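One structure is given below, encoded as structure tokens.
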Amino acid sequence: MAIEWIVIIASFAYLILLFFIAGWAEKNADKSWLSSPYIYALSLAVYCTAWTYYGSVGRAANQGLDFLTTYIGPILAAPLFWLVLRKIIRISKSLRITTIADFISSRYGKSFSLGAMVTVISVLAIIPYMSIQLKAISASFSIFSTKSLVGQGLFFDDTAFYITMVIGAFVIIFGSRKVDSSQRNIGLISAIAFESLFKLFAFIGLGIYVTYGMYNGFSDIFQSAKVLPEFEQLTSLGEESAYTNWFWLNLLSMLAIVMLPRQFHVAVKENGNENHLKKAMWLFPLYLLLINVFVVPVALGGRLFFVDQAIDADTYVLAMPLATNKPLLALLVYLGGFSAATSMIIVSTSALSIMLNNHLLVPLILRNNTLSNAFDNRLNTVVLRGKQVMIILMLLLSYLYFKLVGEKFSLVSIGLISFAGIAQFAPALIGGLFWKNGNKKGAIVGILTGFTIWFVILVIPTIISANLLPVSIMTEGLFGISLFKPHAFLGLEIGNFVAQGTMWSLLFNSLAYIIVSSLSNRSIQETNQSEVFVDIFKYSTNYESAILWKGKAFYNDIKKLLTMFLGKERTERAFKKFHARNDIQEGSMEADFRVVNYAEKLLSGAVGSASARVMMSSVVKEEKVNLQEVFDILQETQRYISDNKELKKKSEELRETSTKLMIANADLTKLDRLKDEFISTVTHEMRTPITSIRAFSEILNDNDDLEVEQREQFFKTIVEETKRMERLINQVLDLEKMEAGKIQFELSPLDMNEVLEEALNSVEQSVNEKGIEIEKLLDKNIPSIEGNKDRLIQVILNLVSNARKFCTKENGKITIKTALKDKHIELSVADNGIGIAKESQAMIFEAFYQAEDQTLKKPEGSGLGLTISKKIIDKHQGEIWVSSKVGSGTLVAFKLPIN
Amino acid sequence: MKKVLIVDDEPNIIMSLEFLIKKSGYQTFIARDGSEALAIVDKEIPDVVILDIMMPKVDGYEVCEYIKKHKKLTSKVVFLSAKGKESDIEKGYAAGADFYMTKPFSTKKLVSKVNELMSLTT
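Sequences listed follow chains A and B, in order.
So that you can map any letter, position 717 of the first sequence is 717 in my numbering, and since no number is skipped, the others follow by simple counting.
Basically my numbering = 1-based index in the second sequence + 899.
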């Protein structure tokens, strides 16, 4: 099969792949990574077109480094994204603005004329730019074969034509199916992101092949290239006047990155989250850096490789792999260039079709009575079909331009001329963002002035070079006026013609904008819009209340109008949401002004703000407003927003306080309950000894005939029980004092082993008598700690006495251990008794707690021992805990910090 | 000889009760918790049971209910408990007690109550 057929099939296969990606992405739109900042940053790389892909190498090979200005500008502009682009995004999202034409029109009082002007200039600037993409596809094709992709005869045997139409189908399906343009097109954006990745991959692939496959790395290429006569010029900034070029070309690309309709489309309209800018601010410059790494090596490599052959430098990237017999790599590179071209065409057509439709077609119908009556109830169809017709029209125009005139231009110049045309929006756009006094008249005069100069300096020469205008204009000036000589405008000859054109057009454009704005007045609606635009961060949450509207409007009329464009369901849903958010009662016949503004905003998403304005006024009865009222409502809104914020803060604080109160209350209640429980338990515990004392006292009193032994035993019991009461009372008082923090422990350095021995001295014998063995595992090397000796002895005795109580009746054993563990001294007392169930373990330190399952009921002891022990250990900044398993004994341990 | 079962977990209280009951001319049995009490009740069928309430394992209420549920057990039950709240006393009678006394108790009153209940038994 002939190679040209393989290339054609690959091209169409690539387009089909795009359809698949877009279709898949639309079906899976809920996948979060499809809406991630990475996809957003990649979609911005639609900036890199076929002109970049082929033209950069061409420019680098012929002119040197000035190709870089196209990338340095955007990289320099990236840090400003947060300041400028974020504001544009916020405004556009708040007002449902979808194109740069709508943005400028809306800022200057929803002006029809400005919208139309911006649209016309964009189309004039972009059509040639699109046509050079087609040219790039066709030129790259012709490298593969002697046959041209462009048929010599009629369009139907021209492959380029079919490719154009497939792209058109793609844009119609994925870029314009929705009437409401403000909705995002995830499918289209995903496909663009893929294209960005693909062209980067292909270009870097080629770069690596040339640098490391054909040569031995960067230094090899640069060393070898020194033989070229122009080496010095190709790798330096150039002579002095070049600095002027650099400045203006950088400025140009800085502006283009925001103002090109396709950039506005991906950066603003398709932005799903302002915060994506943060990642895009470094990811996008990184992308530009990566795609340029190999431009100079490839250009120099190409110059060296084709040193004796007349090969157009624009085609080096394809010619090199082909000449070294790497057809597959060449095919990949071709598809990379193809993707760069298609992505540019796709996004530009999407953006321009919305502009053409909303700012030329719809206003035309609305302003013409006959037409508007004819389409009265079918405006939604007009909007939808209109966009689709515009897409086809745009593509046809590009195709025709390419076939009829485009063949005569080089890639580079048209791109830059296009940039300069689009840059004419900059004063009106940027001024409108930050300067409230900039007005519609200023914007119109500025743009027209800039456009005219641009046309004279930059467009006319290209028309002349295509032999469509007499050459005399170049030598004698326009209309024979020498000041209007395109390449020596006003008699000045500095920099190249693009730099000149940019400088003069922007200079006069800005001056005109500022002067005319300062000298003329804004209309009331403009005033209102300019306030909202410049101070968008104050109004964006409450845009509807910030626009003054007076008159009479009925819900039914508004709903009917909206339903036509948004459909019944979306309209109802939108109203419901709006009512809930703004506390508006439903069911009334008359709509308040916020509803009118909201409806107009929704409509703007579909038809642009100027047309939305006209459509709304056709269904509502509007009254005139005066300037004072506008300022009043702006102030009102600002106050409302700040009040709202304050209220939110206050209620937040209130909620916090009440939560704190609730917690405190719960704590108090719990404390109260604990205190009650404690008192009732203490009195209860006292009843037992008192009962015995009373019973035996009565018995002794009533029975004089008791035997001496019995008598003695009863007396002894009375004394014992009295002591028990005393102990209990002492412990309760002890605990109370500790709880109230009244006890100050006197601390002294202690060796815990000695303290332990001293404590055991007093009990060891009585324990052993019960047949219980005491095992001591003492770490002799533990350091001393600060503690209160008597209190710690109290704790140890308590633990030992508990252990003794719970040891098994036979073979009872108590194990006592001391050890040094991570800056603490740990002392544990373990018995081999029945153990404590897990759920009871946490509670044993509570006063009077007795594990429920216990067979022995406090043979002695008050039930306060562990509670007091815990308090003592707490006072030492230590910790006490229990670890036990039912059936395998209980271990109670405490640890004290070494200071 | 008529039989009295003393159920309590405090050794000193048991000692005093044992003295008082023996002196009144009855045979005494001792149980230190509820489950011991149930075993003796079944075996000896005492005429009067002096019953503490708060004991490990099986508490006094349960012992009383057990006695009153089984027809063959004709024992009279006197609760002797440190629990003195209205609700505790009601709960004791609801369990079927014949009398409820709180600790500390009057020895004379206890003895006379036991005698009184004895006269009701056959």
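We treat Cβ as the ideally placed atom computed from N, Cα and C, and that holds for glycine.
From a predicted model like this one, the values you see are computed outputs, not experimental measurements.
- 8 Å or more divides the Cβ of residue 197 of chain A from the Cβ of residue 174 of chain A.
- With a 10 Å radius around the Cβ and a threshold of 16 neighbouring Cβ atoms, residue 932 of chain B comes out buried.
- The three-state secondary structure of residue 787 of chain A, taken from DSSP, is strand.
- Counting the other CB atoms within 10 Å of its CB gives residue 993 of chain B a total below 16, which places it among the exposed residues.
- Residue pairing by DSSP places residue 926 of chain B opposite B/902 in a beta bridge.
- A buried status is given to residue 565 of chain A, since no fewer than 16 other beta-carbon atoms sit within 10 Å of its beta-carbon.
- Collapsing the DSSP output to three states places residue 329 of chain A in a helix.
- Taken in chain order, the unbroken stretches of alpha helix (DSSP H) that lie wholly in the stretch 558-635 of chain A and span 4 residues or more are 568-582, 593-607, 609-619.
- When Cβ-Cβ separations below 8 Å define contact, residue 688 of chain A makes contact with chain B.
- In the DSSP assignment, residue 471 of chain A falls outside any beta strand (DSSP E), carrying neither H nor E.
- Nearest to residue 80 of chain A by C-alpha distance, out of A/123, A/26, A/257, is A/257.
- Residue nearest to residue 456 of chain A within the set A/444, A/432, A/879, A/504 is A/504 (criterion: CA-CA distance).
- Remark: three or more beta-carbon pairs, one from each stretch, lie closer than 8 Å, so the stretch 99-115 of chain A and the stretch 603-618 of chain A are flagged as touching.
- Just so you know, the alpha carbons of residue 974 of chain B and residue 980 of chain B end up roughly 18 Å apart.
- Rounded to whole angstroms, the Cβ separation of residue 77 of chain A and residue 254 of chain A is 4 Å, and the two are in contact under 8 Å.
- When only Cα atoms are considered, residue 285 of chain A and residue 509 of chain A end up about 29 Å apart.
- Across the set A/10, A/864, A/785, A/366, the C-alpha of A/864 shows the shortest separation from the C-alpha of residue 738 of chain A.
- In the three-state DSSP reduction, residue 681 of chain A falls in the helix class (H, G or I).
- Closest by C-alpha distance to residue 54 of chain A, out of A/298, A/232, A/185, is A/298.
- A direct Cα-Cα distance of roughly 26 Å separates residue 731 of chain A from residue 833 of chain A.
- Within the same chain, and ignoring the five residues on either side of residue 724 of chain A in sequence, the residues whose Cβ sits closer than 6 Å to its Cβ are 689.
- The alpha helix (DSSP H) runs of length 4 or more contained entirely in the stretch 751-810 of chain A are, from start to end of the chain, 752-769, 789-806.
- Note that the stretch 915-927 of chain B does not touch the stretch 871-887 of chain A; fewer than 3 beta-carbon pairs, one per stretch, sit closer than 8 Å.
- Around the beta carbon of residue 822 of chain A, fewer than 16 other beta carbons sit within 10 angstroms, so the residue counts as exposed.
- Here residue 69 of chain A has 246, 249, 250, 253 as same chain residues with Cβ atoms under 7 Å from its own Cβ, once five neighbours each way along the sequence are excluded.
- DSSP places residue 691 of chain A in the helix class (H, G or I) of the three-state scheme.
- Boundaries of the beta strand (DSSP E) harbouring residue 976 of chain B: 975-980, taken from the DSSP string.
- Taking a beta-carbon distance threshold of 8 Å, residue 709 of chain A does not count as an interface residue toward chain B.
- Beta-bridge analysis with DSSP links residue 651 of chain A to no other residue.
- Around residue 727 of chain A, no beta-carbon contact reaches into chain B at under 8 Å, the shortest distance being about 15 Å.
- In this chain, the beta strand (DSSP E) harbouring residue 999 of chain B covers 998-1001.
- Looking only at A/83, A/164, A/736, A/282, the smallest Cα-Cα distance to residue 11 of chain A is reached by A/164.
- At least 8 Å separates the CB of residue 998 of chain B from every CB of chain A.
- Contact between residue 558 of chain A and residue 596 of chain A holds, with the beta-carbon distance rounding to 7 Å and staying under 8 Å.
- Between residue 939 of chain B and chain A, the shortest Cβ-Cβ separation is not below 8 Å.
- Here the C-alpha atom of residue 718 of chain A lies approximately 27 Å from the C-alpha atom of residue 803 of chain A.
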